[in-house]
Amino acid sequence: MTRRLVLWAVLLTVIVSPLASADWQVAIISLSERSDLILKQTLEAATQYGRQFTLTEERAQHLATRAERGAQATADREIHALYAARDEKALAAYTVAGRADEETPSQISYTTVPYSPQLTRLLRSSSEGVRWYREREGLDGLLLIDVQSLDEFDRVICTAVEEEASILLDRLVTKGAWYELSDALDAVLLTYSGAHTTAALLITGGPLLLTISLDGVEQKTGERLFIRKSGEVSLTLSSPSHLAVERTIDLHSGTITTVEAVLEHQAERPVTFRSQSGRVDWFIDGQLRGCDLSLTIEKPQYPLSVLMVKEGFTDQEIGLVHDPGQEVLVTMEGRTALTASLLDREQKDFYKQLRKTILLFGAYVATIALGNTPALDHQFWQVGQVASGAVAMVNLVALMAQLAAYGR
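Put into structure tokens, the structure is as follows:
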């Protein structure tokens, strides 16, 4: 039984392992105490501008090596499992399968490593130490961040390590003024992830309902940052009630091009809202614009929202994102004063009041009858007759009032 379970584990390992596909793994490592102060800023820049993975010849070779190591690790696990199962026949017939080609990662995943004196010594000792650390941690690349104090300045050095080391950034900033690094970090991390082949296009401002198209392809709503191959791109900006803008943008590798979405309002014809439920109060942006059968807006700006209010009807809001092309006719819905549950409760209260009134008038008639019976003649019946009659009349008035208000 144990042998069978082990063999199943080996089979699952063989099946599942080639299907695994991981992002390109990069660690952002602080090499000094002051470097910790910009770890978060570096991670944010990397996440925004350095997420898109670009394959190069060196990275392809690294992926092949990683796949071979993975295949060898899988073989080691399988052989160990066969030894544990004491399956000599399977061991004799076992052959190491060739490596499966890994899928090219589409993204880069980043993690941060705070300053550690021991790790800094290791990474600065030799290239062999760096390679050993990468392999041990299963990392494809390193970003080494070092901050050195120079009088009133900080020298910030960012080094990328993959197969070889290369300095991405070496800059002086006013001591502690890390905001001065913002644009530079964005650019160098864009360069790193895109291997000097990609650029960024950032759209700012513009109307609320802005549509962005690149080379004729409409982009996701709300997306404003685009990482693309360097070169020319056709940009189209459009929005309801605005004139569309078309431009050709030349994107340079490692550069973030910012375009402000400035669109002119399109001349709109007047729009008229007409109520088919009588005179109503018209509101725009919370301000009363009149009480009439209709409302005309001479120069509408879209998107447009108009609120109709009338007593006895449910408030109705009309939203338009563009010129409707004709008069807008609106019929308001009547408001139900009582829900079904409230109506049931009112019915129960009404019948309860009716039953109580009938019982009180029955008691009044009974006291009269008993008071007129010679054998039961007593002055108590006269007192009871007055009391029951008064209470019965009060309940009758309450019943009539409740009947008048029923269902209103």
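Its first residue numbered 50, the sequence shown is counted upward by one per residue in the numbering used here.
Beta carbons: idealized from backbone N, C-alpha and C, even for Gly.
Note that this is a predicted model, so its numbers are computed, not measured.
Cβ-based neighbour list, residue i, same chain, cut-off 6 Å, excluding 5 preceding and 5 following
| i | result |
| --- | --- |
| residue 281 | 297 and 299 |
| residue 242 | 99, 101 and 157 |
| residue 203 | 196, 222 and 224 |
| residue 74 | 158, 188 and 189 |
| residue 245 | 302 |
| residue 211 | 190 |
Range of the contiguous alpha helix (DSSP H) that encloses residue i
| i | result |
| --- | --- |
| residue 186 | 176-186 |
| residue 153 | No alpha helix (DSSP H) holds residue 153; DSSP gives it neither H nor E. |
| residue 284 | Premise fails: residue 284 lies in the beta strand (DSSP E), 280-287, not in any alpha helix (DSSP H). |
7 Å Cβ shell around residue i - same chain, five flanking residues per side excluded
| i | result |
| --- | --- |
| residue 260 | 267, 287 and 288 |
| residue 346 | 319 and 320 |
| residue 341 | 328 |
| residue 292 | 312, 313 and 315 |
| residue 171 | 178 and 182 |
| residue 79 | 85, 88, 162, 163, 164 and 194 |
| residue 440 | 409 |
| residue 247 | 101, 103, 239, 276, 277, 278, 279 and 302 |
Straight-line Cα distance separating residue j from residue i
| i | j | result |
| --- | --- | --- |
| residue 407 | residue 359 | 42 Å |
| residue 443 | residue 367 | 50 Å |
| residue 70 | residue 264 | Its pLDDT being 48, under 50, residue 70 is placed unreliably by the model, and the measurement read from it follows with that caveat. For residue 70 and residue 264, the distance between alpha carbons rounds to 31 Å. |
| residue 449 | residue 403 | 9 Å |
| residue 344 | residue 338 | 8 Å |
| residue 294 | residue 376 | 29 Å |
| residue 207 | residue 233 | 11 Å |
| residue 76 | residue 213 | 15 Å |
| residue 257 | residue 364 | 26 Å |
| residue 270 | residue 216 | 37 Å |
| residue 386 | residue 396 | Its pLDDT being 46, under 50, residue 386 is placed unreliably by the model, and nothing is read from it. |
| residue 411 | residue 445 | 13 Å |
| residue 251 | residue 274 | 5 Å |
| residue 415 | residue 409 | 10 Å |
| residue 361 | residue 306 | 56 Å |
| residue 237 | residue 117 | 31 Å |
| residue 209 | residue 176 | 13 Å |
| residue 324 | residue 378 | 6 Å |
| residue 447 | residue 405 | 11 Å |
| residue 219 | residue 309 | 30 Å |
| residue 113 | residue 126 | 20 Å |
| residue 174 | residue 152 | 34 Å |
| residue 94 | residue 231 | 8 Å |
| residue 272 | residue 369 | 23 Å |
| residue 205 | residue 333 | 54 Å |
Buried or exposed by the 16-neighbour rule on C-beta atoms within 10 Å, applied to residue i
| i | result |
| --- | --- |
| residue 183 | buried |
| residue 311 | exposed |
| residue 506 | With the chain represented from 50 up to 457, any question about residue 506 goes unanswered, as that position is not in the structure. |
| residue 255 | buried |
| residue 181 | exposed |
| residue 186 | exposed |
| residue 380 | exposed |
| residue 283 | exposed |
| residue 199 | exposed |
| residue 108 | buried |
Segment limits, beta strand (DSSP E) that includes residue i
| i | result |
| --- | --- |
| residue 71 | Residue 71 -> no beta strand (DSSP E), and no H or E assigned at all. |
| residue 336 | 336-341 |
| residue 190 | 190-199 |
| residue 239 | Looking at the DSSP string, residue 239 is not in any beta strand (DSSP E); the run it does join, the alpha helix (DSSP H), is 231-243. |
| residue 209 | 202-210 |
| residue 328 | Segment: none, residue 328 is in no beta strand (DSSP E) and carries neither H nor E. |
| residue 260 | 260-263 |
| residue 368 | 365-369 |
| residue 80 | Run containing residue 80: none; DSSP gives neither H nor E here. |
| residue 311 | First-last for residue 311: undefined, no H or E at that position. |
| residue 378 | 377-379 |
Cβ shell of residue i (< 8 Å), same chain only, five flanking positions each side left out
| i | result |
| --- | --- |
| residue 317 | 290, 348, 349, 350, 351 and 372 |
| residue 72 | 102, 154, 155, 156, 157 and 158 |
| residue 227 | 86, 87 and 90 |
| residue 81 | 164, 169, 195, 196 and 197 |
Where residue i sits in the DSSP three-state scheme
| i | result |
| --- | --- |
| residue 447 | helix |
| residue 442 | helix |
| residue 215 | strand |
| residue 248 | strand |
| residue 290 | coil |
| residue 85 | helix |
| residue 398 | helix |
| residue 301 | coil |
| residue 351 | coil |
| residue 386 | Note on residue 386: pLDDT 46, under 50, position unreliable in the model; the coordinate value appears next. Coil, per DSSP. |
| residue 100 | coil |
| residue 295 | strand |
| residue 257 | coil |
| residue 114 | helix |
| residue 159 | strand |
Interface flag, residue i vs chain B, CB-CB below 8 Å
| i | result |
| --- | --- |
| residue 238 | Although the question refers to chain B, the structure presented lacks it and comprises just one protein chain. |
The ligand HEM heavy atom lying under 7 Å from the CB of residue i
| i | result |
| --- | --- |
| residue 346 | This structure lacks the ligand HEM; in fact it carries no ligand of any kind. |
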